[in-house]
Amino acid sequence: MANLNNVDRKKKRFIRSIETILPPEEVEKPARIALASCLALLHHVILLFMKIGIIADSHDHVDHLEYALTCLRKEGIELLLHAGDYIAPFVLRRLLKSAPEFVGVFGNNDGDRVLLSKTAEGRVHPAPFELTLPEHRIMILHEPYGLEAIVKSGLYHLVVFGHTHEALLERHGGTLVINPGETGGWLYGRSTAALYDTENREGRILDL
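Structure representation (structure tokens):
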């Protein structure tokens with residue numbers, strides 16, 4: 000299980016703006032404590048109302064990956080989830096360069112996990128991987144092993160998986176299940192991604 004600590008660009012911009020108006024050394028201690036509490040609340044709200052892009056099975060198709068990232072950025076995503084099968088390290092370099100923030104899991108075709116993990120700067124994890132956001136618990140898989148049990152547990156607001164290369168969006172009670180399909184488009188010729196909104200807890204499949 001992990002908390003997402005890197006999606007804080009808005010918070011940092013807000014802090015810098017406050018520091019410009021009111022330098023820290025001129026702030027009394029009680030006021031600094033109150034300000035810190037406000038900033039913590041702001042960060043919580045930012046993560047609570049956020050759009051998440053979801054992709055999987057990019058399989059070295061850089062052109063499709065770049066187009067998927069372009070489309071998802073236009074949707075205003077602040078976090079990208081990748082459900083595995085990157086294949087080569089250069090795909091991860093593109094993700095680190097182009098995605099707002101990125102978390103993923105290894106797929107069954109991701110061979111050199113040591114190199115991939117190093118290239119991804121620790122953002123790619125063995126599946127299953129649990130991601131915790133304010134009022135959101137997300138489970139990320141590659142292969143759908145144990146998927147039914149995970150969904151039936153009712154522990155997660157969002158369950159993401161890949162591997163099948165077929166897009167899927169289903170709701171089971173309070174759990175939304177998303178397979179974004181294949182970004183690479185190699186198997187079925189349909190390049191897709193998905194979008195999830197933490198505010199209304201709804202998702203949709205995007206044809207690329």
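Per numbering that gives the first Met the number 0, the very first residue in the sequence shown carries number 0; after that it's consecutive.
Each residue gets a CB set at the ideal place from its N, CA and C atoms; glycine is no exception.
| said: Applying the 10 Å Cβ sphere with the 16-neighbour rule, what's the burial state of V176? | reply: buried
| request: Pair every Cβ in the segment 183 to 190 with every Cβ in the segment 167 to 175, then say whether three or more of these pairs are closer than 8 angstroms. | output: no
| said: What does DSSP give as the partner residue(s) for F101 in the beta ladder? | reply: L79
| What is the residue span of the alpha helix (DSSP H) that I149 lies within? | L146 to S152
| As assigned by DSSP and simplified to three states, the class of E169 | strand
| message | Checking the sheet assignment: what are the DSSP bridge partners for F194? | response | Note that residue 194 is Leu in the sequence shown here, rather than Phe. DSSP output for L194 lists G52 and R203 as bridge partner(s).
| task | Express the C-alpha separation of I139 and V44 in angstroms, rounding to a whole number. | result | Confidence in V44 is poor, its pLDDT being 46 and thus under 50, which makes the residue's placement unreliable; the coordinate value appears in the next sentence. In a straight line, the C-alpha of V44 is about 23 angstroms away from that of I139.
| task | Enumerate in chain order the residues of its own chain whose CB-to-CB distance from P22 is below 8 angstroms, with the five nearest sequence positions on each side excluded. | result | Residue confidence is low: P22 scores 49 on pLDDT, short of 50, so the model does not pin down where it sits. Its coordinate-derived value is still stated next. For P22, where only same-chain residues beyond five positions count, there are no Cβ hits under 8 angstroms.
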